[in-house]
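Engineer: For the sequence shown, the working numbering begins at 1 and goes up steadily by one.
Can you read through this structure? Questions will come right after.
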Amino acid sequence: MEFSSKLLENAVNEMSQLPGIGKRTALRLVLHMLRQPKVQTTNFVQALSQMREQIKYCKSCNNISDVALCEICANPKRNNAIICVVEDIRDVMAIENTSSFKGLYHVLGGKISPIDGIGPHDLNITPLVEKVKQGEVKELIFALSSTMEGDTTNFYIFKQIKDYKITTSTIARGISVGDELEYTDEVTLGRSIVNRVPFESSLKL
Numbered sequence: 001m002e003f004s005s006k007l008l009e010n011a012v013n014e015m016s017q018l019p020g021i022g023k024r025t026a027l028r029l030v031l032h033m034l035r036q037p038k039v040q041t042t043n044f045v046q047a048l049s050q051m052r053e054q055i056k057y058c059k060s061c062n063n064i065s066d067v068a069l070c071e072i073c074a075n076p077k078r079n080n081a082i083i084c085v086v087e088d089i090r091d092v093m094a095i096e097n098t099s100s101f102k103g104l105y106h107v108l109g110g111k112i113s114p115i116d117g118i119g120p121h122d123l124n125i126t127p128l129v130e131k132v133k134q135g136e137v138k139e140l141i142f143a144l145s146s147t148m149e150g151d152t153t154n155f156y157i158f159k160q161i162k163d164y165k166i167t168t169s170t171i172a173r174g175i176s177v178g179d180e181l182e183y184t185d186e187v188t189l190g191r192s193i194v195n196r197v198p199f200e201s202s203l204k205l
């Protein structure tokens, strides 16, 4: 792809670094931004820069937040005895949209995937185990995607906390095996949370 401007080429190259964005799509987006009023592009750049510089991770659940303790963890109406274990913020948003869960979350920041070089120590697992050890958590809901990596991560965490007095459950398999949680429709996901099953039972499937 030949460019008449080095500035344009640089912008396209940076835009194409985004997931699912090829060079042609990146060029279309960059040209669209170039046609917009300058203030709109400036606001867009400032929003990204401000997010990157000021974003925080909740000190309790590791969810993305504007403050040290996210709104969910700070809400006194939430049941802090039940923790839903998820991969990232997209899963928190998906479950929250169902209005079916009133507990708290714990965001791992990924799944165990040896092929990608991601091990247990690369994830936010230790703080979760520490929460369980403190004895305030009564149930862990494993809500990772129904993939081999998700099941491996669930099982690893289960082994870490199985000696403590805590109920472990997993979302009902209304979600197809291999499906990513964030793409599941709200009704199916909501029913999966409500109809969760003991994690030990899922090991026999």
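Backbone N, C-alpha and C fix where the C-beta goes; we use that ideal spot for every residue, glycine too.
Rounded to the nearest angstrom, what separates V39 and K133 at their Cα positions?
Structural biologist: Going from the Cα of V39 to the Cα of K133 covers about 52 angstroms.
Engineer: Check the Cβ-Cβ distances between S113 and every residue of chain B, and say whether any is below 7 angstroms.
Structural biologist: In the displayed structure, chain B is absent; only one protein chain is listed.
Engineer: To the nearest angstrom, how far is it from the Cα of T18 to the Cα of S60?
Structural biologist: The sequence shown places Leu at residue 18, not Thr. Distance between the alpha carbons of L18 and S60 is about 29 angstroms.
Engineer: Assign V137 to one of three DSSP states: helix, strand, or coil.
Structural biologist: In the structure shown, V137 sits in coil (DSSP, three-state: anything other than H, G, I, E or B).
Engineer: Cα separation between E186 and L48?
Structural biologist: Straight-line Cα distance between these residues: approximately 29 angstroms.
Engineer: Three-state secondary structure (DSSP) at S113?
Structural biologist: S113: strand per DSSP, three-state reduction.
Engineer: Please list, in chain order, all residues of the same chain as N63 whose beta carbon is under 8 angstroms from its beta carbon, the five residues on each side excluded.
Structural biologist: The residues are Y57, C70, I72, C73, I89, V92, Y105, V107.
Engineer: Rounded to a whole number of angstroms, what is the C-alpha to C-alpha distance between L140 and S113?
Structural biologist: Those two C-alpha atoms are separated by around 21 angstroms.
Engineer: To the nearest angstrom, how far is the alpha carbon of V30 from that of S65?
Structural biologist: The alpha-carbon atoms of V30 and S65 are separated by roughly 29 angstroms.
Engineer: If you draw a straight line from the alpha carbon of M148 to that of R35, how long is it in whole angstroms?
Structural biologist: In a straight line, the C-alpha of M148 is about 45 angstroms away from that of R35.
Engineer: Excluding sequence positions up to five away, which residues of its chain have a Cβ less than 7 angstroms from the Cβ of I55?
Structural biologist: Taken in chain order, the residues that qualify are I64.
Engineer: Where does the unbroken beta strand (DSSP E) through C84 begin, and where does it stop?
Structural biologist: C84 -> beta strand (DSSP E) spans 79 to 86.
Engineer: Just checking my contact of I171 with I193 at CB under 8 angstroms: how many whole Å lie between their CB atoms?
Structural biologist: Between I193 and I171 the Cβ distance is about 6 angstroms, and since that is below 8 angstroms, they are a contact.
Engineer: For S99, which residues in the same chain have their Cβ closer than 6 angstroms to its Cβ, ignoring the five residues on either side in sequence?
Structural biologist: Same-chain partners within the cutoff: there are none.
Engineer: Hey, could you find the ends of the beta strand (DSSP E) T170 is sitting in?
Structural biologist: Taken as a continuous stretch (DSSP letters only), the beta strand (DSSP E) holding T170 covers 167 to 170.
Engineer: Determine the burial state of F44: buried for a count of at least 16 other Cβ atoms within 10 Å of its Cβ, exposed for fewer.
Structural biologist: Its Cβ having fewer than 16 others within 10 Å, F44 is exposed.
Engineer: Which runs of the alpha helix (DSSP H), 4 residues or longer, sit entirely within the segment 7 to 66?
Structural biologist: Correct list: 23 to 35, 38 to 54.
Engineer: Is the beta carbon of I83 closer than 7 angstroms to that of N129?
Structural biologist: First, the amino acid is wrong: residue 129 is Val here, not Asn. Contact: no.
Engineer: Report back the beta-carbon spacing between V67 and A143 to the nearest angstrom; my notes put them in contact at under 8 angstroms.
Structural biologist: In fact, because the Cβ distance is near 24 angstroms, the residues do not count as touching under 8 angstroms.
Engineer: Between G103, T25, R52, which has its C-alpha nearest P76's C-alpha?
Structural biologist: The shortest Cα separation from P76 among G103, T25, R52 belongs to G103.
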